[in-house]
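Asker: Using our numbering, read the sequence shown as starting at 1 and increasing by one per residue. Quick reminder that beta carbons are idealized off the backbone N, C-alpha and C, glycines included.
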Amino acid sequence: MGCKKAQISGLDLILAIMLFSMAIILFSILWNVVQYNVKTSADADIIAIQVANRLLDSPGYPSDWNDSSNVQLIGLSSERGVIDQAKFQNLIKMLGNGSDSNYTRARELLDLGPYQLCISLTYPNGTVTQGGNCNFGNTTTVSIINRTALFGEVVVHNNSITFIFDSSGSMDWFSKSWGYTPSKNLSSSWVNIYNVSFNTSPPAAPDDFDFVLEFNTSFTGGSVASDDVVMNITSPKNTVYVSCHGTGCNCGSGCLSYGYSGALRMNFSKTLWNASGVWKVGVRKTVSGNLQLDDFMVQTRPRRLDGAKDATMNFVNVIATESKGIDEMSLYNFSKNSAQGCPNYNMVINFTVNYTAINYSIGNMSAYGATPIAESIKRAADSINASYYNSTTNRTHARMIVVSDGSETCNGDVAAAANYAMDKVHIKDFEICTVGYAQGSTGESQLRTVASIGKCRYYSARNEGQLAQALTEIYFGNLEKESVVINIVVWR
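And the structure:
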């Protein structure tokens, strides 16, 4: 009996030792698993931090890399903490949906080893862009790094843009310049002020060409009328054409003369175009006193109005595409109809994001009337201010753009008008930008003054292409860096 008890006790001891050993083994296994997971998570954290630092602190190599075929080191920064937009888009393209050779190449360049990568970027408006293998679901080994960065330079939106379009009578003149001469004093004797050679074949029919003379509308002897200045043009065949002062009076075969307040225009038929030889331009004054020539220009089609319409409608299309319906516009021109005198400003369309309606209104404009720059600026400022207070959206930026081919002709004070606008509009970020389109020196001086007071700049555009470029520069010139959140997920 005693022997049996001893046998049982021995078996119990062996069993206890076995259970204890198994417990130790199990504990060791569990401990190793825990340690492995801790180490793995720590490794993931380290790798995620390394990826974030590399992307945001380095431009990569080469510094202008643009796809998987030429990149040797992936980096996104244009400067520390600023993400280059193009490089970010290139990285997202490389990462794809995390399933092809470009994604594998990105993982290798970022030293991810066995880890997968998902990168997303969140814009201030909530829009998210992402790339890589983002199917980490319930994976336990995940490290997520969030970094705030600046995202390149973006166009500032939430704009109220007021466009003042010069549709005065001179916009019926031509816009392609064959040359011009700036200001000089006029004499009572004939003075040769300019010579021009047309060294090409005539432009495509139907076409004609203009000689335009602009001069001061006031001087020491009093007010100037169009017949106080006379212009003669001598053709390469030595035919002399002399300006007259009616509305389209005959100044010779194939020549029509137009007199304006402050300008003379002589329009020649295409049949008189001569590609060889020199056209000589002479001018004299018929009154006493100090009278100054502002500008003389030789021009061909397109009409200034047509070129300005095309450039402005292109500008509206750029805004529509870039702002995606955020930036609102209003449109003014200088005259409602040919019977309107001074001041003859006109609101064509109030603030709207209906860009089609804006372009329709621009396309229907005609050229007539005077140039009330000052009054148009003041009334547009009143409209901006009223719209700001009545708007359901919090407009943070306002810009007035004045495009004109001439100078103030309604006795307005453009400097006072610009100061009035800057005081009247209560949007903090407000500016007045100006563009001189095929413009004389007096008008240029006035628009430079307006732009200076308006905390913007004056742009000179001699033709449609330069006008389109100037408007684009104005719109894209208001750039600022945008704060974004970049999210980096490393997992396995």
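Rounded to a whole number of angstroms, what is the C-alpha to C-alpha distance between Tyr459 and Val435?
Answerer: Their Cα atoms are separated by approximately 5 Å.
Asker: So, helix, strand or coil for Arg303, using DSSP?
Answerer: Strand.
Asker: When burial is assigned at 16 or more other CB atoms within 10 Å of the CB, is Lys324 buried or exposed?
Answerer: Lys324 should be labelled exposed.
Asker: What residue does the alpha helix (DSSP H) around Tyr360 start on, and which one ends it?
Answerer: Here the alpha helix (DSSP H) through Tyr360 covers 355 to 363.
Asker: Quick check on Gln469: buried or exposed, where buried means 16 or more other Cβ atoms within 10 Å of its Cβ?
Answerer: That one is exposed.
Asker: Any idea which residues DSSP pairs Gln292 with across the strands?
Answerer: For Gln292, which the question treats as bridged, DSSP gives the partners Asn185.
Asker: Pull up the DSSP beta-bridge partners for Trp491, would you.
Answerer: Its beta-bridge partners are Gln116, Val142.
Asker: Could you tell me the boundaries of the alpha helix (DSSP H) in which Gln469 lies?
Answerer: Element bounds for Gln469: 464 to 476.
Asker: Going straight from the alpha carbon of Asp111 to that of Glu322, what length do you get?
Answerer: Near 37 Å, if we compare the C-alpha coordinates of Glu322 and Asp111.
Asker: Answer with buried or exposed for Ile83, where buried requires no fewer than 16 other C-beta atoms within 10 angstroms of its C-beta.
Answerer: Under this definition Ile83 is a buried residue.
Asker: Taking DSSP's pairing of strands, which residues face Met266 in a bridge?
Answerer: DSSP output for Met266 lists Phe211, Ser257 as bridge partner(s).
Asker: With DSSP as the reference, label Lys455 as helix, strand or coil.
Answerer: Here Lys455 sits in coil by DSSP.
Asker: Inspect the beta-carbon positions of Leu471 and Ala311 and report whether they are closer than 8 Å.
Answerer: Yes, Cβ-Cβ distance for Leu471 and Ala311 is below 8 Å.
Asker: Taking only the alpha-carbon atoms, compute the straight-line gap between Asn192 and Val281 and give it to the nearest angstrom.
Answerer: So the two alpha carbons sit approximately 6 Å from each other.
Asker: Given a cut-off of 8 Å, decide if Lys378 and Ala421 are closer than it, judged by their beta-carbon atoms.
Answerer: Taking 8 Å as the Cβ cut-off, Ala421 and Lys378 qualify as a contacting pair.
Asker: One question on the structure: do Ala493 and Ile427 come within less than 8 Å of each other, judged by their Cβ atoms?
Answerer: Since the displayed the chain opens at 1 and closes at 492, residue 493 lies outside it and no answer follows.
Asker: Tell me, which residues are paired with Val196 by DSSP?
Answerer: Its beta-bridge partners are Trp279.
Asker: In the DSSP assignment, the alpha helix (DSSP H) including Val501 goes from what residue to what residue?
Answerer: Lying outside 1 to 492, the shown extent of the chain, residue 501 is not represented and no answer is given.
Asker: To the nearest angstrom, how far is the alpha carbon of Leu76 from that of Ile47?
Answerer: Rounded to the nearest angstrom, the two C-alpha atoms are 17 Å apart.
Asker: Considering only C-alpha positions, which residue in the set Tyr360, Leu331, Cys410 is nearest to Gly369?
Answerer: Measuring from the Cα of Gly369, the nearest candidate turns out to be Cys410.
Asker: For Met231 versus Leu264, is the C-beta distance shorter than 8 Å?
Answerer: Yes, the pair counts as a contact, with Cβ atoms nearer than the cut-off.
Asker: By DSSP, does Val402 sit in helix, in strand, or in coil?
Answerer: It is a strand residue.
Asker: For Gly443, does the count of other Cβ atoms within 10 angstroms reach 16, so buried, or fall short, so exposed?
Answerer: Buried, since its Cβ has 16 or more Cβ neighbours within 10 Å.
Asker: If distances are taken between C-alpha atoms only, which option among Ile119, Arg284, Gly113 comes closest to Val128?
Answerer: It is Ile119 whose Cα lies nearest to the Cα of Val128.
Asker: Excluding five sequence neighbours on each side, which residues of the same chain lie with their C-beta closer than 8 Å to the C-beta of Gly169?
Answerer: Cβ neighbours of Gly169 beyond the five flanking positions: Tyr260, Ala367, Tyr368, Gly369, Ala370.
Asker: Mapping DSSP to helix, strand and coil, what is Ser483?
Answerer: Three-state DSSP puts Ser483 in a strand.
Asker: Classify Asn37: buried if its beta carbon has 16 or more other beta carbons within 10 angstroms, exposed otherwise.
Answerer: Model confidence at Asn37 stands at a pLDDT of 44, short of 50, so the residue's coordinates are unreliable; what they give is reported in the following sentence. Counting Cβ neighbours within 10 Å, Asn37 comes out exposed, since fewer than 16 surround it.
Asker: Find the nearest neighbour of Phe163 within the set Arg492, Asn66, Ile474, judged by alpha-carbon distance.
Answerer: The option with the nearest alpha carbon to Phe163 is Ile474.
Asker: Pull up the CB-CB distance for Tyr494 and Ser376, whole angstroms please, since I reckon it's below 8 Å.
Answerer: Because residue 494 is not part of the residues shown, which for the chain are 1 to 492, the question remains open.
Asker: Nearest to Met365 by CA position, among Cys255, Ser335, Ser269, Val229, is which residue?
Answerer: The option with the nearest alpha carbon to Met365 is Ser335.
Asker: What does a CB cutoff of less than 6 Å around Ser387 pick up in its chain, not counting 5 residues either side in sequence?
Answerer: Only Phe351 meet the Cβ criterion.
Asker: Distance check for Thr139 and Ile145, CA to CA, integer angstroms please.
Answerer: Distance between the alpha carbons of Ile145 and Thr139 is about 16 Å.
Asker: To the nearest angstrom, how far is the alpha carbon of Arg304 from that of Asp413?
Answerer: C-alpha separation (whole angstroms): 25 Å.
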